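For reference, the structure is listed below as structure tokens.
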Amino acid sequence: MTVTTIERLADHVGQTVTLRGWLYNRRSSKKLHFLQLRDGTGIVQCIATLEHFGEERFPEIGGLPYESAVTITGEVRADARAPGGFEMDADKVDVVSVSEEYPISHKEHGPDFLLSNRHLWLRSRKQVALMKLRDEVIRTIRNFFHERGFLNVDAPIFTPNACEGTTNLFEVDYFDEEKAYLTQSGQLYMEAAAMAFGKVYCFGPTFRAEKSKTRRHLTEFWMCEPEMAYANLDDVMDLTEDLLQTIVEAVLANRRADLEILERDISALEKIQKPYPRITYTEAVEKLKSTDHKFEWGGDFGAPDETAISSEYDRPVLVHRYPQEVKAFYMRRDPEDDRCALGVDVLAPEGYGEIIGGGERESDLEVLRSRIAEHKLPEEAFKWYLDLRRFGTVPHGGFGLGLERTVCWLAGIEHVRECIPFPRMLHRIYP
RNA sequence: UCCCCGGUAGCUCAGCGGUAGAGUAGGUGGCUGUUAACCACUUGGUCGUAGGUUCGAAUCCUACCCGGGGAGCCA
Numbered sequence: 000m001t002v003t004t005i006e007r008l009a010d011h012v013g014q015t016v017t018l019r020g021w022l023y024n025r026r027s028s029k030k031l032h033f034l035q036l037r038d039g040t041g042i043v044q045c046i047a048t049l050e051h052f053g054e055e056r057f058p059e060i061g062g063l064p065y066e067s068a069v070t071i072t073g074e075v076r077a078d079a080r081a082p083g084g085f086e087m088d089a090d091k092v093d094v095v096s097v098s099e100e101y102p103i104s105h106k107e108h109g110p111d112f113l114l115s116n117r118h119l120w121l122r123s124r125k126q127v128a129l130m131k132l133r134d135e136v137i138r139t140i141r142n143f144f145h146e147r148g149f150l151n152v153d154a155p156i157f158t159p160n161a162c163e164g165t166t167n168l169f170e171v172d173y174f175d176e177e178k179a180y181l182t183q184s185g186q187l188y189m190e191a192a193a194m195a196f197g198k199v200y201c202f203g204p205t206f207r208a209e210k211s212k213t214r215r216h217l218t219e220f221w222m223c224e225p226e227m228a229y230a231n232l233d234d235v236m237d238l239t240e241d242l243l244q245t246i247v248e249a250v251l252a253n254r255r256a257d258l259e260i261l262e263r264d265i266s267a268l269e270k271i272q273k274p275y276p277r278i279t280y281t282e283a284v285e286k287l288k289s290t291d292h293k294f295e296w297g298g299d300f301g302a303p304d305e306t307a308i309s310s311e312y313d314r315p316v317l318v319h320r321y322p323q324e325v326k327a328f329y330m331r332r333d334p335e336d337d338r339c340a341l342g343v344d345v346l347a348p349e350g351y352g353e354i355i356g357g358g359e360r361e362s363d364l365e366v367l368r369s370r371i372a373e374h375k376l377p378e379e380a381f382k383w384y385l386d387l388r389r390f391g392t393v394p395h396g397g398f399g400l401g402l403e404r405t406v407c408w409l410a411g412i413e414h415v416r417e418c419i420p421f422p423r424m425l426h427r428i429y430p
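The structure is reproduced here in structure tokens:
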């Protein structure tokens, strides 16, 4: 017997095949059961009749609890009445396991309940669609960099002495009397790798012990960080634009059905075309001031500021040349305005805020040393990093893209916690 | 750390001083193809915890715990 999956049913019309999955929903009348089977690739309705199964088996089938594991064999039929266009006339229903009463219904639930049942919540239609979207984004990112000659060079998860303070870092014991920290960013390592391979990227989990309880924060999230040797800020901005455009197009081309399940406003994504607007921080501040927004030059943007700026555009906006005080020590100063750093943040449309942060790095040894001193950082910890400026230093830059925030925006959902299979958040580490 | 909102049936919520409710899930029966199916009946509760006010508290007060949203923070 041919075993297949629900997404491939179109290839089997008129044939008898076996599907293996779980009972998603069922409805019954006197002589018919409508069994909705899900298998991770889709949902299909299977028809079981009293006539075929008989007085004994028919009620058993109709009494199966939701999420019972079943394999169903039958003939595939195209049927306009069925959602998805195909149905199966069940010939055999084999019960692999009878589920206990399933806690998650097709009605609404609260976030606490759903998060505590994340291991089961993942089976729900929207969550399946969201994980497929995430997968699409990840694969597109990897292909994007591969096709452009970037080498995937991953950064370590354990890192030594904290760069600046330890309040935002997760500390772990590292053998005897030594502390290690979970990485916040692979960037410094990518700078080393870029000097070895030219163009590189890392893609992995990062950890931040920030006590943030907002829809944009996770304590563990995935970040993709490309880094390029012989690159300036404009090269970095071009790359962010190309990457985001490629992702948007891939999602529209390959995940339209999932976007529809997520009830995403697809037209908003279709409007996104290069070039994206590029404005300086200073211009952004002027825009804020021209509304009734209170903002002074020199501060970093908060979430409401980012929303105000991005709401003027129907595509991502690149904000560049921030005050150097709000940016990291390794950011190169703007040669034309010493107050500014050559950094860029990309703000997603529709109020989703920052999804990319990056810029051109300081490549001069002495300038970098004085920055480290200004920031009161221990030079000892950066000895290896400073070596990169001793041995063949070149202009270089890159950025970090937050995966969950990007998926959140593309999917048009409320909270990043749904964009990662098992979210880690403040005071929540189960399941 | 701060501000706002909430905690009542497995789940989602109503009730806001006078005997604990609905929808849904579960159970039983019915139904000519249903689409979050529908119809009838039905099981199910230390009203977050501990004190207090009151003749009487799910309801008012205090403290604590837990959750949600936001601020700060997010090189």
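Residues 0 to 430, numbered by numbering that gives the first Met the number 0, are exactly what the first sequence covers, in order.
For each residue, glycine too, the CB sits at the ideal point set by N, CA and C.
Only a predicted model underlies this, so the values are computations on that prediction, with no experimental measurement involved.
- Taking a 10 Å sphere around the C-beta of residue 0, we find fewer than 16 other C-beta atoms and assign the residue as exposed.
- Judged by DSSP in its simplified three-state form, residue 33 adopts strand.
- Between the segment 67-84 and the segment 12-23 there are three or more C-beta pairs closer than 8 Å, enough to call the two in contact.
- For residue 359, same chain residues with a beta-carbon under 6 Å away, outside a window of 5 residues either side, are 231, 232, 331, 341, 396 in chain order.
- Annotated as proximal: residue 302 and residue 352, with beta-carbon spacing under 8 Å.
- Between the C-alpha atoms of residue 261 and residue 255 there is a straight-line separation of about 10 Å.
- Residue environment: residue 422 is assigned as buried (16 or more neighbouring CB atoms within 10 Å of its CB, all protein chains considered).
- In the three-state DSSP reduction, residue 395 falls in the strand class (E or B).
- Residue 74 is a Cβ neighbour of residue 88, given a cutoff of 8 Å.
- Of 201, 243, 210, the smallest CA-CA separation from residue 224 is found for 201.
- Assignment of residue 44 by DSSP, reduced to helix, strand and coil, places it in the strand class.
- In the DSSP annotation of this structure, the continuous segment of the beta strand (DSSP E) that includes residue 358 starts and ends at 352-359.
- Around the beta-carbon of residue 408, 16 or more other beta-carbon atoms lie within 10 Å, marking it buried.
- Distance between residue 268 and residue 250, taken at the CA atoms: about 9 Å.
- Within its own chain, the residues whose Cβ lies closer than 6 Å to the Cβ of residue 400, once the five positions on either side in sequence are excluded, are 223, 355, listed in chain order.
- Minimum Cα-Cα distance from residue 425 among the listed residues 328, 364, 207 corresponds to 207.
- Listed in chain order, the beta strand (DSSP E) elements of length 3 or more contained wholly in the segment 184-217 are 198-206.
- When beta bridges are read from the DSSP output, residue 342 appears opposite 358.
- Rounded to whole angstroms, the gap between the alpha carbons of residue 415 and residue 217 is 7 Å.
- A straight-line Cα-Cα distance of about 12 Å links residue 65 and residue 122.
- In the DSSP assignment, residue 260 falls within the unbroken alpha helix (DSSP H) covering 255-260.
- Bounds of the beta strand (DSSP E) holding residue 21 are 15-27.
- Between residue 184 and residue 205, the CB-CB gap stays under 8 Å.
- Runs of the beta strand (DSSP E) spanning 3 or more residues and lying entirely within the segment 269-357 occur at 277-279, 316-322, 336-347, in chain order.
- The C-alpha of residue 29 lies about 8 Å from the C-alpha of residue 49.
- Between the alpha carbons of residue 241 and residue 147 lies a gap of roughly 11 Å.
- In the DSSP assignment, residue 170 falls within the beta strand (DSSP E) that extends over 170-172.
- Counting other Cβ atoms within 10 Å of its Cβ, residue 406 reaches 16 or more and is therefore classed as buried.
- Beta bridge pairing from DSSP links residue 179 with 171.
- DSSP links residue 3 through a beta bridge to 18.
- Bounds of any alpha helix (DSSP H) do not take in residue 380, whose DSSP letter is neither H nor E.
- Taking residue 187 as the centre and dropping the five residues before and after it, the same chain places the C-beta of 384 closer than 7 Å to its C-beta, in chain order.
- Your pair residue 228 and residue 197 checks out as a contact, with CB atoms roughly 5 Å apart and the cut at 8 Å.
- Per DSSP, the continuous alpha helix (DSSP H) segment holding residue 115 begins and ends at 110-115.
- DSSP, read as helix, strand or coil, puts residue 411 in coil.
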